[in-house]
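Enquirer: All residue numbers in the sequence shown are consecutive under the working numbering, ending with 804. Supplied in structure tokens, the structure appears directly below.
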Amino acid sequence: DFGRSSELAFVVEPSDDIAVQEQPLILYCQVEGIQPITITWRKNGVMIVDSENAFMLANGSLYVSRFQRVRGDGSSDEGEYDCMAQNHYGLVVSRKAKIQAATMSDFHIHPQNAVVEEGGVARFQCQIHGLPEPVILWHKNSMPVNTDNERYTLLPKGVLQITGLRAEDSGIFHCVATNIANVKFSREARLTVSGSHSTVYKDPMILVGPENLTLTVHQTAVLECIATGNPRPIVSWSRLDGRPIGVEGIQVLGTGNLMISDLTVQHSGIYVCAANKPGTRVRRTAQGSLVVQAPAEFVQHPQSISRPVGTTAIFTCVAQGEPPPQITWLRNGQILETSDHIKLKNNNSTLSIYGINQTDEAIYQCLAENSAGSTQASARLTVLWADGLPSPPQAVRAETVSATTIQVSWEKPLQNTKEIIGYVLHIRKAADPVEMEYQEAVSKSTFQQLVTDLEPSTSYSFYIKAYTSRGASKASEVTVVSTLGEVPAMPSLFIKVINSTAVQATWEPSIKLGQHEGFKLYYRKVHLAQYTGPVLLASNVTAYNITHLDASVVYEVKLLAYNQHGDGDSTVRFVSLRETVERTVLNPPCDCIKDEQNNKTSTTGIIIGIHIGVTCIIFCILFLMFGYRGRLLMCKNVQEQLSTPQIPRSQRSAAGLVLNGAARRDRDDRDLNGKQLDMNELERLFPASPSQEQQDKGMTSAHSPPAPHDDTQISTLPLDEFSIIEEQPDPLPKAPRGGSPPAPAPDHGPANEG
């Protein structure tokens, strides 16, 4: 490590300047470091030779005796100057200083005559270019304008504003521009104040709004805004992005001009001037942008380092500015050229030197430059080399073991092997940059290393270094070898039965397969040894139908992926079609051809069927309605027959229940003993109406035996038909015949309901 005083570095660098014609100019340059140090100067990259006009002083500064913008031979003293300092350890270059001649052009904007009514606003402007920026002052009637008058506002860019005009403001105005190069006067302009102050209402109006400005930090920005109207409008300022303007360094000039002192990058933005009518929301606006640039400056400087031979040196240089600066690296004052072992990363912020050797020892400079300025910083790389280090390892060989493994072997160095503490194997894909290299440490007694987890079909480079406690040997020769290719992995396979003689094999494409050219499909009957196939399928195919199979046997299906390195492992599935055949026998398939032929008439048949169904439903509903009505009439006739003798309601119901119960018992007896119910007795008790007789003609005759399981005769008068008669008012209860209540009928549940 070296102290700061030992580093070759600049204490004072030349700075930008504006020189006066025929006047002397001095550019300063002061360097520190280990002597001897040699200083030289360049202009626009060309070495300056001492002459009568320009020569170097003893302290290293450059003296120009008579600055000339244009000399007789056509040359000029204007340009970019830098100084170079060199000692035993290297060379550094200063920042570039831009030297310009002081000038002043003619006025390109002169003040104009104006006639303004009393109480109004007058504005005069003159513009002129010059280096340095001219200072502009105003004269009225050949006398300097009184700047103490609050109604008079002088802006830096050559603008004069007069508000609240009065008759005494009338006069002749002109401006005077001054810098170190010259003094110039503009043309004159007359201001006439006419009439008296008007009381007529006028909408607010902005006469002049802010201009777009581009300035550098620490300068002053003036954003002009002058408005008229009656009543006099109120001028306010805001930022278009909604951020507050702030108060520090902010000042209002005159009636509405905004001045921002000591600019920073944060002041950049779009500023909006608004002229508001007092007490209302009526307003007019104008806007202008302010861009604040910042010269490049370092956030992190590169640091001088010392590294052993064969290691990696890294320099970091981080700069900021507005606009963002460009970073350039120099090596001993020359543009650094990148190579396999010299890399620039992170927008040139990081310089990496891999496998350094003694030729890499130098001073490295970082130059940061943008439109607002430039700066530089330097650092030295010292390469450490110790005597007695081992020579490079010998006979490095690499042999391919598999698709992911390579065996590397070597022999010990020829010289200085006693202090070796181990070896380091450097590994890198041949196509990768040097910075992608990685290392594996090996013990000093081992002369081979199995490198695993490599990529198939990939070339790798290897070299070895021997290490001691004092440093590393030089690198061995580089050997390059490729891994073997890898066969694809097993694909996933699914079998779907299509019908009794066909199946479909499907599989999913996957990156896990690796590189593959296609698939091979085999199938066979399980009791046979020979496969059918292979069926070669492209890599983008994911399904295949196997047809003309025998449904009575089980099949084995095998699928594998292959590439130029061979066949991968196969996936095997078994499938049986017997269940499909059995389902087909139980549920024969439709005659698709016949259905297709009849397809044209199927729609008509469906429509006809729907009409027939609806018609049947309507007839059924009508039949039930009329049948119900007929039974109701029959029940009324029965009631008339039973009205004499009058039986109490309770006994009537009981009798009905007894009769119905007897009928059920008789029916049960008939079913059990084969006896027939005597229909004459029922007809005698319940004579049917003519309509009912007509209906009965369609049924079983009274004297003919009923069909087995035919309940029509029994259900002629179910119990609920008697409940219809009960809608009539009940007569007073009377004692039943026989003097004892009839036995209750057994409850047969839903069989006698409805």
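For glycine and all other residues, C-beta sits at the position ideal for the given N, C-alpha and C. These figures come from a predicted structure and were not determined experimentally.
What do you reckon, are the CB atoms on Asp410 and Leu431 nearer than 8 Å?
Expert: yes
Enquirer: For Lys515, count neighbouring Cβ atoms within 10 angstroms of its own Cβ and tell me buried if that reaches 16, exposed if not.
Expert: buried
Enquirer: Take Arg331 as the anchor and find which of Pro283, Thr203, Gly583, Ile548 has the nearest alpha-carbon.
Expert: Of the candidates Pro283, Thr203, Gly583, Ile548, the one whose C-alpha sits nearest the C-alpha of Arg331 is Pro283.
Enquirer: Please classify Ile392: does DSSP put it in a helix, a strand, or coil?
Expert: strand
Enquirer: To which residues of the same chain is Glu606 closer than 7 Å at the C-beta, ignoring the five residues directly before and after it?
Expert: The beta carbon of Glu606 sits closer than 7 Å to the beta carbons of Tyr573, Arg574, Val576, Val622, Phe624 from its chain, once the five residues preceding and following it are set aside; these are given in chain order.
Enquirer: I need the DSSP call for Phe45, collapsed to helix, strand or coil.
Expert: In the structure as shown, the chain begins at 51 and stops at 804. Residue 45 is therefore absent and cannot be evaluated.
Enquirer: Is Gly659 buried or exposed, if buried means 16 or more other CB atoms sit within 10 Å of its CB?
Expert: Under the 10 Å beta carbon count, Gly659 is surrounded by fewer than 16 other beta carbons and is classified as exposed.
Enquirer: Taking the C-alpha atoms as reference points, what is the distance between Met255 and Val322?
Expert: Roughly 14 Å between the two C-alpha positions.
Enquirer: Is the number of C-beta pairs between the stretch 463-474 and the stretch 545-558 that are closer than 8 Å three or more?
Expert: no
Enquirer: Measuring only the C-alpha atoms, how far is Tyr817 from Gln118?
Expert: With the chain running from 51 to 804 in the structure shown, residue 817 is simply not present.
Enquirer: Once DSSP output is grouped into helix, strand and coil, what is the label at Ser428?
Expert: strand
Enquirer: Label Val243 either buried or exposed according to how many other C-beta atoms from any shown protein chain fall within 10 Å of its C-beta, with 16 as the threshold for buried.
Expert: Its Cβ being crowded by 16 or more others within 10 Å, Val243 is buried.
Enquirer: Rounding to the nearest angstrom, what Cα-Cα distance links Glu63 and Ser523 in this structure?
Expert: 42 Å
Enquirer: Could you give the DSSP three-state label for Ala422: helix, strand or coil?
Expert: coil
Enquirer: Ends of the beta strand (DSSP E) at Leu263?
Expert: 263-266
Enquirer: Straight-line CA distance for Glu183 to Asn229?
Expert: 7 Å
Enquirer: Can you have a look at Asp219 and say buried or exposed, based on whether 16 or more other CB atoms are within 10 angstroms of its CB?
Expert: Buried, by the Cβ-count rule.
Enquirer: Please say whether Ala601 and Thr551 have beta carbons closer to each other than 8 Å?
Expert: yes
Enquirer: Can you tell me which of the three DSSP states Ile658 falls into?
Expert: helix
Enquirer: On a CA-only basis, which of Val302, Thr264, Pro352 is nearest His317? Give me that one, please.
Expert: Thr264
Enquirer: Within the same chain, show all residues whose beta-carbon is closer than 6 Å to that of Phe348, passing over the 5 residues directly before and after it, in chain order.
Expert: Spatial neighbours of Phe348 in its own chain (CB-CB distance under 6 Å, excluding positions within 5 residues in sequence) are listed in chain order as Ala369, Ala427.
Enquirer: Pick helix, strand or coil for Cys416, following the three-state DSSP scheme.
Expert: strand
Enquirer: Which of helix, strand or coil does DSSP assign to Val5?
Expert: Only positions 51 to 804 of the chain appear in the structure, and residue 5 is not among them; the question remains open.
Enquirer: Where does Ile68 fall in DSSP's three states?
Expert: strand
Enquirer: In whole angstroms, give me the CA-to-CA distance for Ala712 and Cys666.
Expert: At Ala712, the pLDDT of 38 sits below 50, so the modelled position is not reliable and the matter cannot be decided from this model.
Enquirer: Does Ala217 come out as helix, strand or coil in the three-state DSSP assignment?
Expert: helix
Enquirer: Reducing DSSP to helix, strand and coil, say where Gly677 ends up.
Expert: Looking at Gly677 - three-state DSSP - the assignment turns out to be helix.
Enquirer: Considering only the beta carbon of each residue, do Ala201 and Ile212 sit closer than 8 Å?
Expert: Looking at the sequence shown, residue 201 is not Ala but Arg. Less than 8 Å divides the Cβ of Arg201 from the Cβ of Ile212.
Enquirer: When we look at the beta-carbon of Ile149 and count the other beta-carbons within 10 Å, is it buried (16 or more) or exposed?
Expert: buried
Enquirer: Quick check: Val315 and Val267, are their CB atoms within less than 8 Å of each other?
Expert: yes
Enquirer: For Ser136 versus Gly110, is the C-beta spacing smaller than 8 Å?
Expert: Just to set this straight, residue 136 is Gln in the shown sequence, not Ser. No. Outside cutoff.
Enquirer: How do the stretch 284-302 and the stretch 232-252 stand: do at least 3 beta-carbon pairs fall below 8 Å, yes or no?
Expert: With the cut-off at 8 Å, the stretch 284-302 and the stretch 232-252 do not touch.
Enquirer: With the cut-off set at 8 Å, would you say Leu534 and Ala453 are in Cβ contact?
Expert: Yes.
Enquirer: With DSSP as the reference, label Leu586 as helix, strand or coil.
Expert: strand
Enquirer: Does DSSP classify Met134 as helix, strand or coil?
Expert: strand
Enquirer: Taking all protein chains shown into account, decide if Glu449 is buried (16 or more other Cβ within 10 angstroms of its Cβ) or exposed.
Expert: Looking at its Cβ environment, which holds fewer than 16 other Cβ atoms inside 10 Å, Glu449 is exposed.
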